[in-house]
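Undergrad: At position 177 of the sequence shown (counting the first as 1) the number is 1549 in this note's numbering, and the numbers step up by one without a gap.
Got a structure here, written out as structure tokens. Questions coming.
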Amino acid sequence: MKSYGSFLETVYDVLFEPRQAMQAIAEQRLTGQALAMFAISMLVPVWTVYTGVTGMADSPATVAMFGVHLFASLVFWVLSAAVLSFIAELYGGQGTVLGLFAALGFSHLPRIAIIPAWVFVAIMPPVTRPVLMGIIGLAVVTWTLALNVAALRGAYGLSGAKAVLVLLTPILAVAILITVCVMFAGAAIVYWPFKA
């Protein structure tokens, strides 16, 4: 197992050897580096895009937006690590929630690509900008999901298919819950008012 000392070395390995890097990050529980990656990948792109669009970097609303965004993202990261850890164990994986937490922190790395993408799109003809942003957004989401799969594989020793299934399980559970609620609401409306 490779031992990581430098943050940049860890980032390099996540870029070019994601499976092995995520496994080492999970085993060594590099939470400090994961928090640094999370902060960089959350705040820098949002700050760049927001100030580029509005030019309101110094307004209190901007500062409040960043605070809320950072807090909500941190809560989501912690909750997703806990939920995915529980589901991974149900699917037979063996690992720790802290290891998965650290690995998932590095799965935010692709969001930094939004900054150079924004510059690239800004110099393109206006008619192509929406299409290019859509393509770049899809690429960033795909890359992030691939790193999430690598994090689950590395932290819990799951196969690729099981890691994808772990990611899909919460989405499917929410979809089923919404479907059941809509069906019950529809049935209640159809039989309103209740007949004796």
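Think of the CB as a built atom: it goes at the ideal place given N, C-alpha and C, for glycine as much as any other residue.
What is the rounded straight-line gap between the Cα of residue 1501 and the Cα of residue 1487?
TA: The residue you call residue 1501 lines up with position 129 of the sequence shown. The residue you call residue 1487 lines up with position 115 of the sequence shown. Distance between the alpha carbons of residue 1501 and residue 1487: 15 Å.
Undergrad: Between the Cα of residue 1401 and those of 1520, 1563 and 1470, spot the shortest distance and give me the residue it belongs to.
TA: Numbered from 1 along the sequence shown, position 29 holds the residue referred to as residue 1401. Taking only the C-alpha atoms, the option nearest residue 1401 is 1470.
Undergrad: Within its chain, find whatever has a CB closer than 7 Å to the CB of residue 1448; leave out the 5 residues flanking it on each side and keep chain order.
TA: Position 76 of the sequence shown, counting from 1, holds the residue named residue 1448. There are no such residues.
Undergrad: Specify the secondary structure class of residue 1495 as computed by DSSP and reduced to three states.
TA: By one-based count along the sequence shown, residue 1495 stands at place 123. Coil at residue 1495, not helix or strand.
Undergrad: Can you tell me where the alpha helix (DSSP H) with residue 1457 in it begins and where it stops?
TA: Sequence index remark: in the sequence shown, residue 1457 carries index 85 (1-based). Note, residue 1457: alpha helix (DSSP H), 1432-1462.
Undergrad: Within 10 Å of its beta-carbon, does residue 1436 have 16 or more other beta-carbons around it, so buried, or fewer, so exposed?
TA: Here the question's residue 1436 lines up with position 64 in the sequence shown. Classification for residue 1436: exposed.
Undergrad: Taking one C-beta from the segment 1517-1526 and one from the segment 1471-1482 each time, how about it: are there three or more such pairs within less than 8 Å?
TA: Counting Cβ pairs under 8 Å, three or more are found: they touch.
Undergrad: Considering Cα atoms alone, identify which of 1383, 1399, 1540 and 1392 is closest to residue 1408.
TA: Taking the first residue of the sequence shown as 1, we reach residue 1408 at position 36. Ranking the options by Cα distance to residue 1408, first place goes to 1383.
Undergrad: Buried or exposed: where does residue 1459 fall if 16 or more other Cβ atoms within 10 Å of its Cβ makes it buried?
TA: As a working note, residue 1459 is residue 87 in the sequence shown. Result: buried.
Undergrad: Which of the three DSSP states, helix, strand or coil, is assigned to residue 1465?
TA: In the sequence shown, the residue the question calls residue 1465 occupies position 93. Note: residue 1465 maps to coil in three-state DSSP.
Undergrad: Could you give the distance in angstroms between the alpha-carbon of residue 1463 and the alpha-carbon of residue 1528?
TA: For the purposes of this step, residue 1463 is taken as residue 91 along the sequence shown, with counting starting at 1. For the purposes of this step, residue 1528 is taken as residue 156 along the sequence shown, with counting starting at 1. Rounded to the nearest angstrom, the two C-alpha atoms are 10 Å apart.
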